[in-house]
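Notes follow the structure.
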Amino acid sequence: MSKSFSADIIISVKTSDTLTTDKLRGGFYSPSKLVDLAISRAISLKSHISNLKVLEPSCGDGAFITGFSRSTISNEVDFTGIEILKEEALKSSAKLIRFQIQGNIINKSYFDAHTDIGGYDIVVGNPPYVRYQFTSEADKKSIDKISLENNIDIKRVANIWVPIVISSISKLKNGGTFAFIIPDESLAGVAAKQFRKWLLSNCSELTIDVFPPKIFEGVLQETLIISGRRASGNNVVRFIQHYPDRNQEEWLHTIVNNDTWYRYLLNSKQLSVYEDIQSRTDLVNKFVKFDVSIVTGANDYFCIDHSTMQAFELEPWAEPLLARSRQSRGAVYTRLDHRKSISMDEKSYILNFSPEKPDPLDYEKPSEYIKIGEEVNLDKRYKCTVRKPWYRIPNMVGGKILLSKRSHYSPRVIYNQHDALTTDTIYRGRLIKNPSINETDFICAFHNSLTLLSAEIEGRSFGGGVLEMVPSEVSRMRIIIPTGIGSNIDTLDDIFREGKDDTSFGEAVEFTNKILLKGSQIIPQRDMDVLNDSLNKMRDRRLSRN
C-alpha cells in the first residue's frame, strides 16, 4: 500500500537550569529485543492492521521508530512521538525520514503536549523514570490533573512514568492497544498500587512479560513489558517468564490481592500451594509487633566506637548498641558478640543523654563532644531541632527480637540476649500481650520456606538485590510456631555461626523446615518442597540484580 509521506518536527523546547539532562528526561537505552516484543504485543491484539495512529509519549532517539521499521506494518503507521530534549527529538525525526514512516515529533514535555492529542490505535514506549520532585511546577499541575481525570491518587513521591502511562493509555480509542517497558516496581509500592488498580478497571487482555535482571546496563531496577487493550477491565492477567537458556513459561492469574503483585510471579501451582497454606497459618503480627527503633537524626554522631567513648569520657551515657545485624553472627546476640565488636573498634555504643543521667555540659570532654555536633550543625537538623536539648534522643528502648530493615540473602531475626539498643536500621520486636509463645519460639520458627517466601512477596527490592521491608509488610508475613520449638535455639545459633552467610542460612532453613514438618500437621512434605522451590525462585531473581 502506498501513502503520502511526511516527517515534521514541532519545536517548543522545554528546558531546566537546575536538572541534569539525565534527570530531566529519565531515559535509558531500550534494547531492540524488548522494543520488538513490545511492538509485537501491541500489534497482536489488533484485528485490523491499516492506517494505525501510533503514539510514543517519550520517544528519545527513536528506538521504537526503528522497531516499527523492522516490523511488517511500517507502511501502515502514522507515528506521533513526544520528546522533551531537542537533540533527541531531532534524532527521532531523522529516523522517521530515514525509514519512511509517516509521522511527526513534538518537542515538548509530555505534560505540555498531552492535552492536544488523542484517538490513537496503539500506544507504546519506555516512559521516563523521573522522581516527581524533579519535575517543573507546571508538570506537577498537569500530573495532578491527570490524577483527577483518571480517578487515581498519585502521591507526590510517585515516579512520573505512572501518570504518563495512564494518560497515554487514556489517549487510545476504545479497543486500542498498548505495550510499555516499565520498571519492575510496578508490581509493588504505594503509587504503583494505584496504577495496578487502574489497569484492572480500564484494560483487558493484560499480559506481563518478565525478564532476567540487568536489561538496562547500569540500572539496578528490573524492567518488564506490560501490554493490553483499552476496554472494560477484568482481573485476569497473563504472565510470561522469559529465560536466557530455555523456553518461556506462561500462566494466568486472577488478581485478588492488589497490595503487591510479586506473588503472581509464582506459577499457578506455586501460588495455589502458597495461598492454601497461607489460609491455614498465622500472621507475624499475631505474635510479635515490630516497629522502627531509635531515630537519632545523626547515627554517625550518636553511635560511637570504644575509642571515641574513651577519648571524650562518654562512659556514663554509652549504652550497648547493635549497629548492624552482621555484628550478630548467630541467632542470639550475646555479651561476647558485643565485646567482639568493641575489640574491633566497631560502633558498639549509642549515646543516651536522658534527664536521668548526668548533664554532659557539666563535664569538659563530654561538653566538647556536644560542641563538635553543633559545629557541624547537627543541632539544626530537623529531627534534632524538635528535641530539647537537641542531643537528647527520645524513646531509648530496645526489643528482645530484632529484624534488620534490609537483608541480602533473606531476613534473619535475632534474639537480643544482651539487651542492646538499635537504631532505625534494625526493627525492634516485642511479644504481643499474653502470648502463647516466648521469644525463642518465634526466633526458631521464623527461618522457614513459608515465612521467608512471604517476605519476598510482601517486601520490595529497589536495587542491588537487597530486600527491604517496612513494619506493615513484616506484619503480613506468615508463620507457624509449634509448641516448644524454642528449645532448638542453641542448635539454630550454632548453624548460623558455623557456616558462611548463604550456606549457613540455607542450612538453617532446612533445619527449621524439618522441625515444622515434624511438629506441625499444616504443611505436608510435598507442599514444603513447592514452597522451597518458590522461595529459591523469588530470592534468586532478586539476588541476580546484585
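Okay, so the sequence shown: first residue is 1 according to the UniProt record's numbering, each after it adds one. For every residue, glycine included, the Cβ atom is placed at its ideal position computed from N, Cα and C. Model, not experiment: these values are computed from the prediction.
Q) Apart from the five residues just before and just after H114, which ones in its own chain have a Cβ nearer than 6 Å to its Cβ? A) The answer, listed in chain order, is S167.
Q) Between N150 and I164, what straight-line distance do the alpha-carbon atoms span, to the nearest angstrom? A) One C-alpha to the other measures close to 12 Å.
**Q.** Same chain only: Cβ atoms within 6 Å of N126, ignoring 5 sequence neighbours per side
**A.** Once the five neighbours on either side are set aside, the close Cβ partners of N126 are S30, I181.
**Q.** Reduced DSSP secondary structure (H/G/I, E/B, other) of V470
**A.** Note: V470 maps to coil in three-state DSSP.
Q: State buried or exposed for D121, treating a residue as buried only when at least 16 other CB atoms are found within 10 Å of its CB.
A: Counting other Cβ atoms within 10 Å of its Cβ, D121 reaches 16 or more and is therefore classed as buried.
Q) Exposed or buried, what is I11 when buried is set at 16 or more other beta-carbons lying within 10 Å of its beta-carbon? A) Confidence at I11 is low in this model, with a pLDDT of 38, below 50, so the placement of that residue is unreliable and no value is reported for it.
(Q) Considering just the uninterrupted stretch of the alpha helix (DSSP H) at S204, what are its terminal residues? (A) Not the alpha helix (DSSP H): S204 falls in the beta strand (DSSP E), residues 203–210.
Q. So what's W261 in DSSP terms, helix, strand or just coil?
A. W261: coil per DSSP, three-state reduction.
Q.
Considering only their Cβ atoms, is the gap separating Q525 from L517 smaller than 8 Å?
A. Yes, Cβ-Cβ distance for L517 and Q525 is below 8 Å.
Q) Since S92 contacts G62 with CB under 8 Å, what's their CB separation in whole angstroms? A) Indeed they touch by this definition, with Cβ atoms about 4 Å apart.
Q. Between the region 419–431 and the region 304–316, are three or more C-beta pairs nearer than 8 Å?
A. Inter-segment contact for the region 419–431 and the region 304–316 is absent: fewer than three beta-carbon pairs are separated by less than 8 Å.
**Q.** Cβ neighbour criterion (16 or more within 10 Å) applied to Y391
**A.** With 16 or more neighbouring CB atoms inside 10 Å of its own CB, Y391 falls in the buried class.
Q | Alpha-carbon to alpha-carbon, G373 and N234 | A | C-alpha separation (whole angstroms): 57 Å.
Q.
Given this structure, state the Cα-to-Cα distance separating D36 from S71, to the nearest angstrom.
A. So the alpha carbons of these two residues sit roughly 8 Å apart.
(Q) Considering only the alpha carbon of each residue, which of N267, V124, I225 lies closest to T66? (A) By alpha-carbon distance to T66, the top candidate from N267, V124, I225 is V124.
Q: Name the residue from A158, I443, E498, F505 whose alpha carbon lies nearest to the alpha carbon of I479.
A: Comparing Cα positions, the closest option is I443.
Q: Put V413 into one of helix, strand or coil per three-state DSSP.
A: The DSSP-derived three-state label of V413 is strand.
Q | Span of the beta strand (DSSP E) around E375 | A | Taken as a continuous stretch (DSSP letters only), E375 belongs to no beta strand (DSSP E), being part of the alpha helix (DSSP H) at 364–375.
Q.
Can you tell me whether P244 is buried or exposed? The criterion is at least 16 other CB atoms within 10 Å of its CB, across all chains shown.
A. Around the Cβ of P244, a 10 Å sphere holds fewer than 16 other Cβ atoms; the residue is exposed.
**Q.** Short Cβ contact (8 Å threshold) for I437 with F287
**A.** Their beta carbons are under 8 Å apart, which means I437 touches F287 by this criterion.
**Q.** T20 classed as buried or exposed, judged by whether at least 16 other C-beta atoms fall within 10 angstroms
**A.** The predicted position of T20 is uncertain, since its pLDDT is 47 and thus under 50; a value taken from the coordinates is nonetheless stated next. By the 10 Å Cβ count, T20 comes out exposed.
Q.
So the candidates are F64, Y129, E87; which of them puts its Cα closest to the Cα of F99?
A. Among F64, Y129, E87, the Cα nearest to that of F99 is on F64.
Q.
Bridge partners for Q102 per DSSP, in chain order?
A. In the DSSP output, where bridge partners are listed per residue, Q102 has D78.
Q: On a CA-only basis, which of I43, V237, R460 is nearest I255? Give me that one, please.
A: Nearest Cα to I255 within the set I43, V237, R460: V237.
Q) With a cut-off of 8 Å, do at least 3 Cβ pairs link the region 452–460 to the region 468–483? A) Two segments are said to touch when three or more pairs of C-beta atoms, one from each, lie closer than 8 Å; by this definition the region 452–460 touches the region 468–483.
**Q.** Close Cβ partners of I522 (< 6 Å) along its chain, the five nearest in sequence each way excluded
**A.** Excluding sequence positions up to five before and after I522, its CB lies within less than 6 Å of the CB of R280, I480, all in the same chain and listed in chain order.
Q) Quick one: is R545 buried, meaning 16 or more other Cβ sit within 10 Å of its Cβ, or exposed? A) Buried: at least 16 other Cβ atoms inside 10 Å.
Q) Would a C-beta distance cut-off of 8 Å place L55 and I73 closer than the cut-off? A) No, these two residues do not count as a Cβ contact at 8 Å.
Q) Measuring CB to CB, does residue 607 end up less than 8 Å from V292? A) Limits of the chain in this structure are 1 at one end and 546 at the other, which puts residue 607 out of reach.
Q) Are the CB atoms of W261 and L187 nearer to each other than 8 Å? A) If you check the CB distance, W261 and L187 come in under 8 Å.
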